[in-house]
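Below: one structure, written as structure tokens.
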Amino acid sequence: MATLTSYGAYVPQYRAPLGEIQKFYGRPGRPRSRALATPSIDEDTLTMAFEASRDALKGERGVGAVITATQAPPFGLRKMSATLSRALRLDDGAVHIDLGANANGLLDAFRIAATLDVGPTLVVATDHLVAYRDRVADVLSAGAATAFLVDPGKTGFATLGPQARAADEVFDVWLLGREQEPRFRLEVLFDSYGKVTARAAKALAAITKRETSRYTSICPSQPHPQVLRSLGKLGARPEQIEGTSFVGDIGNVGAASVGLALCLGLDASRKGSNLLALAYGGGEAVAQEITVTAKPKGIGTREMIDGGEPIALGTYYRWTEGRQQQPH
Amino acid sequence: MTVSAIEFTRLGAPKLHLFAMKCDKCKELSPWWERSHCYKCGHDTLTEFELAGKGEITNYTVVYYPPREFLGQEPYVVGHILMDEGVTLPAPVMGVAPDAVEVGTRVAATLRRMKLGHEGDIYYSYKFVVDDDPAPKKAAPARRAAAKKPAAKTPAPRRPAARKK
Amino acid sequence: MSMRVGVLGIGKTPHKIQHEKSLKDLGVEAGRKALADAGVDPSEIQMLYVGNVGSVGFNYENSTALMAAHHLGVVPAGAVRVEAACGTGAWALHLGCVAIASGLYDTVMVLGMEKMNDLATVEGTSIIAQAADSKEEYFSGLTFPSGTALTARKYMQAYGVSEEDLAHTSVKNHFYGARNPSAHLRFECTVEEVMNSPKVADPLKLYEVCPMTDAASALVLCREDILRAQPNRPQVYVTATSMASGTWYQASDTLQDAYNLFHRPATRAYEMAGVTAKDIDVAEIYNSFAIQEPLGIEGLGFAKMGQGWKGAKDGSTWLDGKIAVNPSGGLLCKGHPLGATGATQAVDIVEQLRGTAPEGMQRADAEIGISACRGGPGSVGAIHIYQRLEG
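Line by line, the protein sequences give chains H, Z and B. In terms of numbering that gives the first Met the number 0, the first sequence opens at residue 0 and continues consecutively. In terms of numbering that gives the first Met the number 0, the second sequence opens at residue 0 and continues consecutively. In terms of numbering that gives the first Met the number 0, the third sequence opens at residue 0 and continues consecutively.
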């Protein structure tokens with residue numbers, strides 16, 4: 000059975016004032032997050048992945064595979080997993096897999112890692128969601144990275160248990176080819192979230208024989224009201240989700256969201272805790288049971304989220320409009 | 000500033016790694032660009048020597064007028080970092096207010112985007128952040144000169160009087 | 000080994016932003032002024048040395064010596080471009096002196112020129128950075144101002160000197176820049192104004208940093224006997240030329256290196272000219288950043304290490320002090336048109352020795368002068384000594 004032997008996370012230190020940003024762009028409504036964890040102009044999904052991975056690896060270089068999941072790779076046609084691997088000075092012969100992922104990419108990566116036969120696998124979910132000010136969605140520049148070392152051989156501190164999936168063919172969030180800004184249909188999204196997540200959670204319960212309400216904590220990629228409502232119908236209690244919620248603090252961080260929720264869950268776990276990782280993206284929900292077999296050494300994810308230095312609207316604007324975005 | 004994707008291909012992996020050059024003869028460390036000249040003894044053969052990434056600031060300035068690739072990051076701190084292994088490197092120190100840094104501040108290396116080249120090639124390499132590790136590794140005698148802060152501003156005397164024309 | 004290279008003619012353009020003039024226009028203007036001053040026809044020039052640093056970056060053109068040779072009318076004499084970072088103008092002068100001293104040439108022209116203002120500051124800064132290792136140290140976000148700021152901080156820490164102590168250098172330079180009709184910046188300032196000027200690279204502030212300037216300066220040099228044969232002309236000669244290289248990487252540059260950069264070639268130059276530091280009446284010392292003036296004063300032997308900043312405060316380096324340092328306003332006020340600067344320093348010293356410097360900046364009875372130019376992070380040291388030698 001595949002186990003987790005180590006984990007790490009990186010949350011940028013800067014906090015952008017989402018309320019002011021929305022006002023500036025003329026977006027109505029109450030901001031969904033207090034602030035955004037905004038990567039600095041010289042950071043991106045690769046540099047954040049590097050930080051999280053370095054923390055998880057703690058100097059280890061004997062890694063057989065690197066799998067990265069992100070919606071915002073620095074390049075198309077170049078493997079981020081390979082550059083990350085080189086930056087970390089990992090073994091030359093490691094397998095490098097880039098997943099063209101959405102918010103459930105991390106769990107897809109766990110599924111793949113569990114089947115590989117190359118020794119320890121570094122699984123990284125890193126993301127940077129960028130401003131969509133012309134669209135109906137929130138204006139954002141929020142990012143983070145999470146890294147997990149998965150080992151089929153060793154006995155880690157947690158076992159990666161069974162997964163269950165449910166999917167509908169929907170147009171909720173999509174890109175046409177290699178467009179920059181996603182297209183949205185929020186009505187479809189809100190509808191799909193709840194429905195599909197519930198089906199996946201139910202399907203998992205059937206496999207594991209553990210009711211949703213009996214997990215120590217639930218680690219959802221998005222504690223969206225629809226998701227909470229569906230989970231509530233399955234008997235989930237607020238206490239299961241409180242400790243793993245962060246979107247209201249630092250915003251949606253895409254593929255890294257379920258990773259951060261999981262890190263929060265692991266930090267607070269004990270021997271015998273059962274975590275339910277729940278990720279939704281592109282019409283598909285993935286649910287996975289993770290069982291803690293030894294209390295892990297926490298990495299202080301909550302402190303990373305609660306900490307942070309406010310930046311002014313002008314700075315946020317400079318970094319997102321950013322000269323770095325234009326080749327020069 | 001680097002010129003092109005060809006040049007960065009040539010530099011690629013070394014720029015992703017933090018290393019110094021160790022002289023085959025005198026064993027002293029020189030910065031990573033000294034591939035053919037030890038600047039301690041002048042010997043012509045040096046070998047790559049990996050650095051752990053921790054060091055302290057021995058000198059610094061704050062840049063208000065950046066070159067193109069640092070536009071948007073000013074004001075930023077550029078320091079001379081004495082790495083724990085005993086070699087001094089120049090590097091930016093990010094994420095710290097200019098008045099919060101001083102000679103002696105411990106720093107740790109991190110990977111950052113240095114530049115988006117004109118061919119759309121992104122160069123990654125090392126910058127530093129303040130190290131919040133409570134137990135810094137003890138370096139070979141960290142020669143830290145007593146940091147003489149500039150004297151407080153006293154009221155400036157007017158221009159010396161009666162300069163003969 | 001002694002040398003007497005005659006300075007037959009000098010000429011320079013105004014030093015400021017000149018959008019209406021191209022690099023070529025500047026070069027031709029200075030060259031023609033020098034030829035007119037020398038009373039020499041272009042066809043008499045046997046070799047042209049053009050100092051020009053960044054034309055590929057600033058102006059998208061290369062081979063500017065060949066361009067100048069054509070437009071000045073010195074074709075078919077040889078023409079070559081000289082580049083040694085900010086020491087370029089002095090290097091062009093050195094080669095001109097060597098050409099004469101070798102006996103191979105009778106009359107040559109030295110032309111330093113630069114046009115920096117066709118691009119925005121941020122572009123200019125990046126191009127100037129190419130005169131240091133732009134790929135390695137400067138990859139880390141250093142620029143010339145910030146690299147020099149590191150030296151300033153080292154100096155302040157080593158000798159217990161405050162920012163205010165250093166501010167006096169800018170006050171002195173600006174006093175004379177205000178009196179220099181061809182200077183870029185022509186305003187006086189107080190210590191307080193220097194201290195309050197916007198920061199450029201901590202601890203360097205705006206009034207301690209030179210502007211980007213468009214200019215050209217030229218000299219016509221000749222064999223001693225040619226100038227001697229025209230006793231009605233001012234008998235000013237270049238009597239020493241001494242060049243050195245130094246630190247290429249800021250990370251390895253020490254205060255001792257900064258001192259040596261001038262001290263070593265200056266020692267040879269004094270010997271060559273048969274004079275000592277005490278004999279110098281007037282000096283033009285490279286100071287694109289204010290801290291370089293104290294360092295230069297020390298390297299030339301006018302003050303002990305760590306003491307060079309004092310003269311601007313106590314008056315000993317003002318016009319009528321022990322030695323007049325930068326009575327032109329220095330690079331702080333004249334600006335630093337990279338390729339022209341070393342040549343401008345020479346033109347300004349020659350004017351001092353001729354007694355034709357503008358009112359308010361003429362050193363009385365100046366007979367022996369020195370120009371000290373530097374380049375790169377600490378990579379070029381160039382010393383020239385000039386003397387008025389009546390026959």
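Quick reminder that beta carbons are idealized off the backbone N, C-alpha and C, glycines included.
Worksheet entry | Segments assigned alpha helix (DSSP H), at least 4 residues, entirely inside the region 297–323 of chain H | You should have 300–305, 312–320.
Fill in: Nearest-angstrom Cβ-Cβ length linking S216(H) and L277(H), presumed shorter than 8 Å
Taking the first residue of the first sequence as position 1, residue 216(H) is located at position 217. Taking the first residue of the first sequence as position 1, residue 277(H) is located at position 278. Your pair S216(H) and L277(H) does not check out as a contact, with CB atoms roughly 11 Å apart and the cut at 8 Å.
Worksheet item: Who are the neighbours of F69(Z) on chain B, taking C-beta pairs under 8 Å?
Response: Position 70 of the second sequence holds residue 69(Z). Per Cβ cutoff of 8 Å: G140.
Worksheet item: Does any residue of chain Z bring its CB to less than 7 Å from the CB of F49(H)?
Response: By 1-based counting over the first sequence, the position of residue 49(H) is 50. Contacts with chain Z at 7 Å (Cβ-Cβ) include F49(H).
Discussion item. Quick check: what's the CA-CA separation for G5(B) versus S161(B)?
Written reply: Here residue 5(B) is taken as the residue at index 6 of the third sequence, counted from 1. Here residue 161(B) is taken as the residue at index 162 of the third sequence, counted from 1. Using only the alpha carbons, I get a separation of about 43 Å.
Worksheet item: Taking just the CA atoms, how far does E60(B) sit from Q249(B)?
Response: Residue numbering aside, residue 249(B) sits at position 250 when the third sequence is read from its first letter. Residue numbering aside, residue 60(B) sits at position 61 when the third sequence is read from its first letter. In this model, Q249(B) and E60(B) are separated by some 29 Å (Cα to Cα).
Item to complete: Give the interface partners of M93(Z) over in chain H, defined as CB-CB distance under 8 Å, in chain order.
Response: Sequence index remark: in the second sequence, residue 93(Z) carries index 94 (1-based). Those within 8 Å of M93(Z) in chain H are S39, D41.
Worksheet item: Using a beta-carbon distance below 7 Å, is Q12(H) in contact with chain Z?
Response: Translated into the one-based positions of the first sequence, residue 12(H) becomes position 13. Interface criterion met: the Cβ of Q12(H) is under 7 Å from a Cβ in chain Z.
Worksheet item: Cα-Cα, which of G341(B), E358(B), K114(B), D252(B) is closest to T87(B)?
Response: As a first step, residue 87(B) must be located in the third sequence, where it is residue number 88. Here the closest residue by C-alpha is G341(B).
Practice prompt. Taking L88(Z) as the query, report the chain B residues whose CB atoms sit under 7 Å from its CB, ordered along the chain.
Written response: Here residue 88(Z) refers to the residue found at position 89 of the second sequence. L88(Z) reaches chain B at A250, counting residues in chain order whose Cβ is nearer than 7 Å.
Worksheet item: Between P140(Z) and G103(Z), what straight-line distance do the alpha-carbon atoms span, to the nearest angstrom?
Response: On the second sequence, residue 140(Z) is found 141 positions in, with the first residue counted as 1. On the second sequence, residue 103(Z) is found 104 positions in, with the first residue counted as 1. Any reading at P140(Z) needs caution, since the residue's pLDDT is 41, under 50, leaving its predicted position unreliable; the model's value is listed next. CA-to-CA, the gap between P140(Z) and G103(Z) works out to about 13 Å.
Discussion item. At the level of alpha carbons, what is the spacing between R142(Z) and E6(Z)?
Written reply: Position 143 of the second sequence, counted from the first residue, corresponds to residue 142(Z). Position 7 of the second sequence, counted from the first residue, corresponds to residue 6(Z). For R142(Z), the pLDDT reaches just 38, beneath the cut-off of 50, and the residue's location in the model is therefore unreliable, leaving the point undetermined.
Discussion item. Excluding the 5 residues flanking F48(Z) on each side, which residues of the same chain have their C-beta closer than 7 Å to its C-beta?
Written reply: The residue you call residue 48(Z) lines up with position 49 of the second sequence. If we look at F48(Z) and ignore the five residues flanking it on each side, its Cβ neighbours are F18, A19, M20, K21, L28.
Worksheet item: Unbroken alpha helix (DSSP H) runs of length 4 or more, entirely within the region 60–122 of chain B: which are they?
Response: With a minimum length of 4 residues, the continuous alpha helix (DSSP H) runs that stay inside the region 60–122 of chain B are 63–71, 87–100.
Worksheet entry | Local conformation of G78(Z) per DSSP, three classes | On the second sequence, residue 78(Z) is found 79 positions in, with the first residue counted as 1. G78(Z): strand per DSSP, three-state reduction.
Discussion item. Between G75(H), H223(H), K201(H), which has its C-alpha nearest E178(H)'s C-alpha?
Written reply: As a working note, residue 178(H) is residue 179 in the first sequence. Ranking G75(H), H223(H), K201(H) by Cα distance to E178(H) puts G75(H) first.
Item to complete: Round the Cβ separation of L165(B) and A289(B) to the nearest angstrom and send it over; I've been treating them as touching at under 8 Å.
Response: Taking the third sequence and counting its residues from 1, one reaches residue 165(B) at position 166. Taking the third sequence and counting its residues from 1, one reaches residue 289(B) at position 290. With a beta-carbon spacing of about 6 Å, L165(B) and A289(B) fall inside the 8 Å limit used to define contacts.
Worksheet entry | When H383(B), K134(B), K321(B) are compared against R32(Z), the one with the closest alpha-carbon | By one-based count along the second sequence, residue 32(Z) stands at place 33. The residue you asked about is not Arg; residue 32(Z) is Trp in the sequence shown. That would be K134(B), whose Cα lies nearest to the Cα of W32(Z).
Fill in: 7 Å Cβ shell around P149(Z) - same chain, five flanking residues per side excluded
Within the second sequence, numbered from 1, the residue matching residue 149(Z) stands at position 150. Any reading at P149(Z) must be qualified, since the residue scores a pLDDT of 40, below 50, and its modelled position is unreliable; the value itself is stated next. Scanning its chain for C-beta atoms nearer than 7 Å, with the 5 sequence neighbours on each side dropped, one finds no residue around P149(Z).
Worksheet item: Where does K204(B) sit, in a helix, a strand or coil, going by DSSP?
Response: Locating residue 204(B) in the third sequence gives position 205, where the first residue counts as 1. Strand, per DSSP.
Worksheet item: What's the gap between the Cα of H173(B) and the Cα of N195(B)?
Response: In the third sequence, residue 173(B) corresponds to position 174, counting from 1. In the third sequence, residue 195(B) corresponds to position 196, counting from 1. Rounded to whole angstroms, H173(B) to N195(B) spans 15 Å at the Cα level.
Practice prompt. State the Cα-Cα distance for the pair A363(B) and I384(B), rounded to the nearest angstrom.
Written response: Working through the third sequence from its first residue, we reach residue 363(B) at position 364. Working through the third sequence from its first residue, we reach residue 384(B) at position 385. Roughly 18 Å between the two C-alpha positions.
Worksheet entry | Beta carbon of A268(B) nearer than 7 Å to that of L299(B) | Against the third sequence, residue 268(B) aligns to sequence position 269. Against the third sequence, residue 299(B) aligns to sequence position 300. The answer is no: Cβ separation not under 7 Å.
Discussion item. Using only CA atoms, which one of I240(H), A144(H), P151(H) lies nearest to T300(H)?
Written reply: The residue labelled residue 300(H) in the question sits at position 301 within the first sequence. Closest option to T300(H), Cα to Cα, is A144(H).
Discussion item. Please state the DSSP three-state secondary structure of A182(B).
Written reply: Reading the third sequence from its first residue, position 183 is the one you call residue 182(B). Coil at A182(B), not helix or strand.
Practice prompt. Give me the Cα-Cα distance between V285(H) and Q162(H), rounded to the nearest whole angstrom.
Written response: The count along the first sequence starts at 1 and reaches residue 285(H) at position 286. The count along the first sequence starts at 1 and reaches residue 162(H) at position 163. Each residue's Cα considered, the two are about 7 Å apart.
Practice prompt. Report the neighbours of D201(B) on chain Z: residues whose CB is nearer than 7 Å to its CB, in chain order.
Written response: For the purposes of this step, residue 201(B) is taken as the residue at position 202 of the third sequence. Neighbours of D201(B) on chain Z, chain order: T60, V61, P97.
Discussion item. Between A51(Z) and chain H, is any beta-carbon pair separated by less than 7 Å?
Written reply: As a first step, residue 51(Z) must be located in the second sequence, where it is residue number 52. No, A51(Z) does not count as interfacial toward chain H.
Practice prompt. Output yes if chain B places a C-beta closer than 7 Å to the C-beta of V129(Z); else output no.
Written response: Locating residue 129(Z) in the second sequence gives position 130, counting from the first residue. Chain B contact via Cβ: absent.
Worksheet item: Any Cβ of chain B within less than 7 Å of the Cβ of P13(Z)?
Response: Numbered from its first residue, the second sequence carries residue 13(Z) at position 14. No, P13(Z) lies away from the interface with chain B (no Cβ there is under 7 Å from its Cβ).
Discussion item. Please return the same chain residues whose Cβ sits closer than 7 Å to the Cβ of Y137(B), not counting the five positions on each side in sequence.
Written reply: Position 138 of the third sequence, counted from the start, is the residue given in the question as residue 137(B). Cβ neighbours of Y137(B) beyond the five flanking positions: A128, A131.
Discussion item. At the level of alpha carbons, what is the spacing between S229(H) and A200(H)?
Written reply: Working through the first sequence from its first residue, we reach residue 229(H) at position 230. Working through the first sequence from its first residue, we reach residue 200(H) at position 201. C-alpha of S229(H) to C-alpha of A200(H): approximately 9 Å in a straight line.
Worksheet item: When you compare each of G295(B), I348(B), L388(B), T12(B) to Y154(B) by their alpha carbons, which one comes out closest?
Response: Taking the third sequence and counting its residues from 1, the one referred to as residue 154(B) is at position 155. Comparing Cα positions, the closest option is G295(B).
Worksheet item: What whole-angstrom Cβ distance do F127(Z) and V92(Z) have, given they're in contact under 8 Å?
Response: On the second sequence, position 128 is the one that residue 127(Z) refers to. On the second sequence, position 93 is the one that residue 92(Z) refers to. For F127(Z) against V92(Z), the beta-carbon gap comes to about 5 Å, under 8 Å, which counts as contact.
Discussion item. So, under 8 Å CB-CB, H127(H) and G142(H) are touching, yes? Tell me the CB distance rounded to an integer number of Å.
Written reply: The residue you call residue 127(H) lines up with position 128 of the first sequence. The residue you call residue 142(H) lines up with position 143 of the first sequence. G142(H) and H127(H) do touch by the CB rule: their CB atoms are close to 4 Å apart, below 8 Å.
Worksheet item: Between P309(H) and the rest of its own chain, which residues show a CB-CB distance below 6 Å, the 5 nearest in sequence each way excluded?
Response: Position 310 of the first sequence, counting from 1, holds the residue named residue 309(H). Taken in chain order, the residues that qualify are R14.
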